[in-house]
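The block underneath contains the structure these notes are about, expressed in structure tokens.
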Amino acid sequence: MSSRPELQAPPEIFYDDTEARKYTSSSRIIDIQSKLSKRAVELLALPDDGIPRLLLDIGCGSGLSGETLTENGHQWIGLDISKSMLNIALEREVEGDLLLGDMGQGLGLRPGVIDGAISISAIQWLCNADKSSHDPKLRLKAFFTSMYGCLSRGARAVFQVYPENMAQHELILSFAMRAGFAGGVVVDYPHSTKKRKEYLVLTCGPPSLSTVVPKGKVELDSGSDYESSGDEENQTVCISDRHRPRKKQKITKKGKGKGWVLKKKEQMRRKGNVVPPDSKYTARKRKARF
Amino acid sequence: MRLLTHNMLSSNIKGVTNGFPLGIEVVKVVEKQVELNADFLKNMFHKIDWKGLVDGSRAMGYFELPGEPPETSALESEEFLSKFHHALLELHLEEGALVCPETGNICHFASTLRGFPS
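Those protein sequences? They're chains A and B, same order as listed.
Per UniProt numbering, the first sequence starts with residue 1, numbered consecutively.
Per UniProt numbering, the second sequence starts with residue 1, numbered consecutively.
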């Protein structure tokens, strides 16, 4: 069975009472969610003047991401399709108001009133057709056009997504662009399979200086973050092309050699793993008696 | 649900051209104390549909707001700000329903179950 929850059941059924409880009591998930939402708020780039804004949290679930918004002093409205998740949010007494609704049917908000929107791991659910009446394209269109309508001019929307493959990725992006959004994708840690995170950073309004997409994060071997531009095309191809035949390993009588070891260490560093520094002893030959 | 959110919502039913403001059918209202932030209120004032807010607050049993939309200068008075703040952020519709103004039937955001409309 696939580990992707999207493939198992529709969201309102998958996140039932037990799953919702499990989700919110797992410290690992709480940690990931708060990290993702902190990064999303960072990408939202609201003016730093201390004035609280009215934000939207799409797929707010049990309000884990909303808590980050409250910590930043903003007012927020959360939308989710799962009643069980919202019940947990009510138990946790989150600050924002909660709406039960399906984002694929449009948002039903007045035009131009929202100062920004975030969404953590939710948009990819729109790509599934869980009912016979569902058409992913129509649902994406309804979502993005109503989103565009309710945002004020120049407002940003940051969606963290887990697209299943390149086709989904392009589908989501194309409907966002068709709705009138400017912007693009920010990829954090593009070389790592686990830490890699994609954010759709969309700006409401025509392309301008403010719509420039921020750079993604890349990890160095020392573990520190630094901002770096990533050549997105090259990075995504290696993901989509996962089923290519494995390269035959070149093993000669002499063993794999220093070059091979250095190459592997470099690969591990790019993934963000802790790797011992290279020295003159790296991959040295041992004496026969060893 | 607060009136802040009520003010942002409009009817989602197909074919409805002017789905705002939604009518409120009140079953239970609670009040929760929230810290007043004048900057936020000033920022929101231009986005709020005044008539919707006044109608909503009256439906929830709060009659202090003036019926006519006040001038921007009113935002300097603390008395007005505290009333505005109370109506916008402190009144919670705990149980009730939101009704579409055009079709009159209970609309997309219908019965308010434990604080969130469906």
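All C-beta atoms, glycine included, are put in the ideal place defined by N, C-alpha and C.
Leu81(B) versus Leu44(A): straight-line alpha-carbon distance, rounded: Reading the second sequence from its first residue, position 81 is the one you call residue 81(B). Reading the first sequence from its first residue, position 44 is the one you call residue 44(A). Roughly 29 Å separates the two Cα atoms.
Residue interval of the beta strand (DSSP E) (run including Leu55(A)): Here residue 55(A) is taken as the residue at index 55 of the first sequence, counted from 1. 54-58 is the extent of the beta strand (DSSP E) around Leu55(A).
Contact test: Leu262(A) Cβ vs the ligand COA heavy atom, cutoff 8 Å: Of ligands this structure carries none, so the ligand COA is not represented either.
Every unbroken beta strand (DSSP E) inside the UniProt domain "Methyltransferase type 11" (56-132) of chain A [3 residues or more]: 75-80, 97-100, 114-120
Exposure label - Gly56(B); buried when at least 16 CB within 10 Å: The sequence position of residue 56(B) within the second sequence is 56, counting from 1. The residue in question, Gly56(B), is buried, as its Cβ has 16 or more Cβ neighbours within 10 Å.
Span separating the alpha-carbon of Phe45(B) from that of Ser192(A): Along the second sequence, read from residue 1 onward, the residue named residue 45(B) stands at position 45. Along the first sequence, read from residue 1 onward, the residue named residue 192(A) stands at position 192. If I take the Cα positions, the gap works out to 46 Å.
Candidates Gly272(A), Lys271(A), Pro5(A), Leu262(A), of which the one nearest Asp130(A) by Cα: Counted from its first residue, the first sequence places residue 130(A) at position 130. Here the closest residue by C-alpha is Pro5(A).
Three CB pairs or more closer than 8 Å across the stretch 49-59 of chain A and the stretch 108-126 of chain A: yes
Span separating the alpha-carbon of Asp278(A) from that of Ala288(A): Counting from 1 along the first sequence, the entry for residue 278(A) is found at position 278. Counting from 1 along the first sequence, the entry for residue 288(A) is found at position 288. Cα-Cα distance, rounded: 23 Å.
is_contact[Met60(B), chain A] using C-beta, thresh 9 Å: Position 60 of the second sequence, counting from 1, holds the residue named residue 60(B). It does not; no Cβ of chain A falls within 9 Å.
The stretch 37-48 of chain B: positions lying closer than 9 Å to chain A by Cβ: Asn37, Asp39, Phe40, Lys42, Asn43, Met44, Lys47, Ile48
Nearest-angstrom Cβ-Cβ length linking Glu90(B) and Glu31(B), presumed shorter than 8 Å: Counting from 1 along the second sequence, the entry for residue 90(B) is found at position 90. Counting from 1 along the second sequence, the entry for residue 31(B) is found at position 31. With 8 Å as the limit, Glu90(B) and Glu31(B) qualify as a contact, their Cβ atoms being about 5 Å apart.
Three-pair Cβ contact test at 8 Å for the stretch 95-104 of chain A versus the stretch 74-81 of chain A: yes
Neighbour flag for Asp48(A) against chain B, beta carbons, 9 Å: The residue labelled residue 48(A) in the question sits at position 48 within the first sequence. Asp48(A) does not count as touching chain B.
Closer than 9 Å to chain B by CB, Leu138(A): For this step, residue 138(A) is matched to residue 138 along the first sequence. Chain B, which has no Cβ nearer than 9 Å to the Cβ of Leu138(A), makes this no.
Same chain, Cβ closer than 8 Å to Val261(A), five either side skipped, listed in chain order: In the first sequence, counting from the first residue as 1, residue 261(A) sits at position 261. So the list reads Thr282, Ala283, once near-sequence residues are dropped.
Beta-carbon neighbours of Arg110(A), restricted to chain B and to distances below 8 Å: On the first sequence, residue 110(A) is found 110 positions in, with the first residue counted as 1. What Arg110(A) touches in chain B: Asn7, Met8, Leu9, Ser10, Phe20, Asp49.
Assigned exposure category for Asp48(A) - 16 Cβ within 10 Å defines buried: The residue given as residue 48(A) occupies position 48 in the first sequence. Exposed.
Segment limits, alpha helix (DSSP H) that includes residue 119(B): Given a span of 1 to 118 for chain B in the structure shown, any question on residue 119(B) remains unanswerable.
Neighbour-count burial assignment, Glu87(B), 16 or more Cβ in a 10 Å radius: Counting from one through the second sequence, the residue named residue 87(B) turns up at place 87. Looking at the sequence shown, residue 87(B) is not Glu but Ala. Answer is buried; the Cβ neighbour count reaches 16.
Residues of the stretch 118-137 of chain A whose Cβ lies closer than 8 Å to any Cβ of chain B, in chain order: none
Whole-angstrom C-beta distance between Lys197(A) and residue 292(A), which should lie under 8 Å: In this structure chain A extends from 1 to 290, so residue 292(A) is not present and cannot be described.
Nearest-angstrom Cα separation, counted from Gly104(A) out to Gly272(A): One-based indexing of the first sequence puts residue 272(A) at position 272. One-based indexing of the first sequence puts residue 104(A) at position 104. Straight-line Cα distance between these residues: approximately 37 Å.
Contact with chain A by Ala91(B), beta-carbon distance below 9 Å: Looking up residue 91(B) in the second sequence gives position 91. It is worth fixing the name first, because residue 91(B) is Leu in this sequence and not Ala. Chain A contact via Cβ: absent.
For Phe20(B), three-class secondary structure by DSSP: The residue given as residue 20(B) occupies position 20 in the second sequence. Residue state, collapsed to three classes: coil.
Of the residues Ala155(A), Ser174(A), Ile30(A), Gly108(A), the one placed nearest Lys137(A), counting alpha carbons only: On the first sequence, residue 137(A) is found 137 positions in, with the first residue counted as 1. The option with the nearest alpha carbon to Lys137(A) is Ser174(A).
Contact list for Leu53(B) against chain A, beta-carbon separation under 9 Å: Position 53 of the second sequence, counted from the start, is the residue given in the question as residue 53(B). Residues of chain A passing the Cβ test: none, with the nearest at roughly 12 Å.
Contact list for Leu81(B) against chain A, beta-carbon separation under 7 Å: Here residue 81(B) corresponds to residue number 81 of the second sequence, with the count starting at 1. Here the premise fails: no neighbours, minimum Cβ distance about 14 Å.
Nearest candidate by alpha-carbon position, reference residue 180(B), set Gly61(B), Leu22(B), His92(B), His85(B): Since the first and last residues shown for chain B are 1 and 118, residue 180(B) lies out of range.
Straight-line gap, Arg153(A) to Phe40(B) (C-alpha atoms, nearest Å): By one-based count along the first sequence, residue 153(A) stands at place 153. By one-based count along the second sequence, residue 40(B) stands at place 40. Rounded to the nearest angstrom, the two C-alpha atoms are 18 Å apart.
Collapsed DSSP secondary structure at Tyr189(A) in the structure displayed: Translated into positions along the first sequence, residue 189(A) becomes position 189. Three-state result, Tyr189(A): coil.
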